[in-house]
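Reading through the structure tokens given below for one structure.
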Amino acid sequence: MSNQIRASSSLIRRLKQQMSNPAVLIQTRSFTPSEGQRPVIVHKRSLDILHDPWFNKGTAFSMTERDRLDLRGLLPPNVMSTDQQIERFMVDLKRLEVQARDGPTDPNALAKWRILNRLHDRNETMYYKVLIANIEEYAPIVYTPTVGLVCQNYSGLFRRPRGMYFSAEDRGEMKSMVYNWPAEQVDMIVVTDGSRILGLGDLGVQGIGIAVGKLDLYVAAAGINPQRVLPIMIDVGTTNEKLLKDPLYLGLQEHRLDGDEYVSVIDEFMEAIFTRWPNVIVQFEDFQSKWAFKLLQRYRYKYRMFNDDVQGTAGVAVAGLLGAVRAQGRSMIDFPKQKIVVAGAGSAGLGVLNAARKTMARMLGNNESAFDSARSQFWVVDAKGLITEDRENIDPDAKPFARKVNEISRQGLWEGASLVEVVQQVKPDVLLGLSAVGGLFSKEVLEAMRGSTSTRPAIFAMSNPTNNAECTPEEAFSIVGDNIIFASGSPFKDVDLGNGHIGHCNQGNNMYLFPGVGLGTLLSGSRIISDGMLQAAAECLAEYMTEEEVVKGKIYPSISSIRNITKEVAAAVVKEALEEDLAEGYRGVDARELQRFNQEELLEFVELNMWHPEYPTLVYRNE
Ligand SMILES: NC(=O)C1=CN([C@@H]2O[C@H](COP(=O)(O)OP(=O)(O)OC[C@H]3O[C@@H](n4cnc5c(N)ncnc54)[C@H](O)[C@@H]3O)[C@@H](O)[C@H]2O)C=CC1
Ligand SMILES: CC(=O)C(=O)O
Ligand SMILES: [Mg+2]
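In terms of the numbering used here, the sequence shown opens at residue 314 and continues consecutively.
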């Protein structure tokens, strides 16, 4: 055994010992895996504890703890185990299952969200235990599609605040108000300005629901400690006329700030956040495309941040596109031969296009001519039709994908050609939608996909929530054929194709990447999130699926394995940060020690740092 391996194995042993021996954990402050295992010092007692969701255990407080924390008599006398507690809770929640179906048609989705949200408000440990154990069932409630409905109805549903609200009215005050947040340490922030929530448009302050939902996945999938996550809404007004007139709207009833004024608010916010928490990671979420790219370029080399819609979606889509190549029985290296039609040229569509083009170029030799030839594999259609160099006032971010006019006229196409015309002429291998237009892949478009030259055409209807999906899996399988690969942004059920055959519906959602990108960045200690780290995350996701699975049409993992895939993605991100010399280490484990880990140890290191929803022993101390 080499000295290197011996040294890293002993570090892992030390970390494990620390976990199993809480006393050691308290003494060695440098590395603190699984904080749930060690006693937690609290400065409150009695009802204050019961009303604090971070520490509350409800009926699971033992008698000794009830005595220690002045809780005797404040709870019914029967001490419940965690399992009993959950059983009782589930009886209530399951009552709604009686005639419920999943997805958008679930008539009880909002009622289930309310019940789960109330649990979130009173006992976070139990909330995450329920969520993690039933992630397949409840991700569609706390995340897409139901989170969309929650955002749309936020003013009516609002009971207790969660996270922080920075508004245009707070200019000049942000650096001090950030200290109003009670946690000394914050690892992960998801921030939105509410300007483009899923495919639902500008929802103003109500968009905070999406930040809450994303962070639920950070806790459930990446094991980020829920006491160290912070959802944030930057309210700079709204363009939503309905909300501007709604007397019950909770946000600023002003027209949305724009231009330099807008940027100065976001600048002040970023400075405030990083002044208090220099090591935090900030995920930008659901900013309208107009600002998504500009803010990403402005901050990505200054702060530890990324844009999920641009970069997370890109990685997930590239992984799915590579899966679709494998599903044709071909090697991933054949990816540059794929003809891809993309409907939608906003933050998500352009993010995917850029990443897919780079991936192709790398496979073709990574030089200028490879990059140029990769461009010709894409046809981009937006609200005005096919984008060509003839487009007036073309969005500079879309310009690299504008088709040359002579090139497309040879293909029988022209500036502004409709989606169906493009599909008919191009006969693409892949049709990918990030348009936010429900039903855009109409019968005619799907019929045109029957002419695809691929042995296994792929259809990605990635817009959210469910009603915004470009088509349903039933439509795709029934019109294009049983052999297709299908993925959607929000969950749909698999399709029964008859004769015992199943049309698999993959969920192509950035949830398979962003938690691992965040966790990997945290554990590597990298000061920035590089393109290489994002690429490594995407490649890890692409390789996660076995040959057998992809042949069956499964190009993304099941959500029930999201914690495992997140662990793998995080390890890939750490590894890449080390390779790029960006890693600075995490707590007691410095970059040199990280460097010594082999793959197995790296995965173990990630696992040891994931929070698990277990009640810690609480110890009271006067402040
Ligand atoms: N599955 C996933 O992981 C993700 C899905 N999305 C979804 O992608 C959608 C778009 O997001 P953004 O790009 O930020 O929005 P956006 O509003 O910036 O872009 C929408 C694009 O679609 C185009 N479009 C509109 N009508 C069209 C039509 N009839 N035909 C073709 N194109 C049309 C617009 O011109 C624009 O280029 C949203 O529904 C969002 O939920 C976004 C991020 C991740
Ligand atoms: C999934 C996601 O980030 C979106 O639809 O915006
Ligand atoms: Mg988003």
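Note that the Cβ used here is the ideal one computed from N, Cα and C, for glycine as well.
It should be emphasised that the depicted structure is a prediction, and the values quoted were computed from it without experimental measurement.
Hey, would you say residue i sits closer than 9 Å to residue j, going by beta carbons?
i	j	result
Ile547	Thr505	yes
Glu574	Met487	no
Val443	Val499	no
Lys880	Gly829	yes
Val793	Leu732	no
Ala771	Leu634	yes
Arg401	Met393	yes
Ser873	Arg617	no
Glu728	Arg763	no
Leu382	Tyr933	yes
Ile448	Ala534	yes
Ile523	Val595	no
Ala605	Ser660	yes
Ala850	Ala896	no
Gly517	Tyr562	yes
May I ask whether a heavy atom of ligand 1 can be found less than 8 Å away from the beta carbon of residue i?
i	result
Gln624	no
Asp736	The sequence given here has Val at residue 736, not Asp. No, ligand 1 has no heavy atom inside 8 Å of this Cβ.
Ala855	no
Asp621	yes
Ser748	yes
Met824	yes
Asn781	yes
Gly831	no
Leu732	yes
I need the DSSP call for residue i, collapsed to helix, strand or coil.
i	result
Asp396	helix
Asn334	The pLDDT assigned to Asn334 is 48, lower than 50, so where the model puts this residue is not dependable; a value taken from the coordinates is nonetheless given after this. Here Asn334 sits in coil by DSSP.
Phe479	strand
Ala413	Note that Ala413 scores 47 on pLDDT, short of 50, meaning its location in the model is unreliable and no value can be drawn from it.
Leu384	coil
Ile772	strand
Arg688	helix
Arg312	This structure gives no information on residue 312, because the portion of the chain shown stretches from 314 to 936.
Gly485	coil
Ile354	strand
Thr551	strand
Gly349	Unreliable placement is indicated for Gly349, whose pLDDT of 49 sits below 50; no coordinate value is reported for it.
His433	helix
Leu556	helix
Arg716	strand
Leu565	coil
Val743	strand
Ile339	Residue placement at Ile339 is flagged as unreliable, the pLDDT there being 32, under the threshold of 50; the coordinate-derived value follows with that caveat. Note: Ile339 maps to helix in three-state DSSP.
Asp405	helix
Met923	coil
Val750	coil
Met439	helix
Pro649	helix
Phe344	The pLDDT assigned to Phe344 is 40, lower than 50, so where the model puts this residue is not dependable; a value taken from the coordinates is nonetheless given after this. It is coil, neither helix nor strand.
Pro293	Nothing can be reported for residue 293: it is not among the residues displayed for the chain, which extend from 314 to 936.
I'd like to confirm the pairing. Which residues does DSSP put opposite residue i in its beta bridges?
i	result
His544	It should be pointed out that residue 544 corresponds to Pro in this sequence rather than to His. Partner(s): Val503.
Gln596	Val503 and Phe619
Gln820	Ser801
Val694	Ala656 and Leu699
Thr779	BP columns for Thr779 are empty, so no partner.
His814	Gly811
Val902	Tyr899
Val938	Past the boundaries of the shown model lies residue 938; the chain is included only from 314 to 936, so the question cannot be answered.
Would you check whether ligand 2 has a heavy atom nearer than 8 Å to the C-beta of residue i?
i	result
Ala534	no
Ile700	no
Asn819	no
Ala658	no
Ala661	yes
Asn911	no
Return yes when the C-beta of residue i is under 8 Å from any heavy atom of ligand 3, and no when it is not.
i	result
Glu598	yes
Leu511	yes
Ile523	yes
Kindly say whether residue i, judged by its beta-carbon, lies nearer than 9 Å to any beta-carbon of chain D.
i	result
Pro929	The chain inventory of the structure shown lacks chain D, comprising one protein chain alone.
Taking contact to mean 3 or more Cβ pairs, one atom from each stretch, closer than 8 Å, check whether the region 812-824 and the region 587-605 are in contact. Cβ pair count under 8 Å is below three, so no.
How do the region 480-494 and the region 419-426 stand: do at least 3 beta-carbon pairs fall below 8 Å, yes or no? Touching, no.
Can you confirm whether the region 615-631 touches the region 782-797 when touching is taken to mean that 3 or more C-beta pairs between the two stretches lie within less than 8 Å? At 8 Å Cβ cutoff, the stretches do not touch.
Just checking, does the region 636-654 make contact with the region 739-750 on the three C-beta pairs under 8 Å criterion? Remark: three or more beta-carbon pairs, one from each stretch, lie closer than 8 Å, so the region 636-654 and the region 739-750 are flagged as touching.
I want to know whether the region 804-824 touches the region 462-476 - three or more CB-CB distances under 8 Å. Using a C-beta cut-off of 8 Å, the region 804-824 makes no contact with the region 462-476, since fewer than three inter-stretch Cβ pairs fall below that distance.
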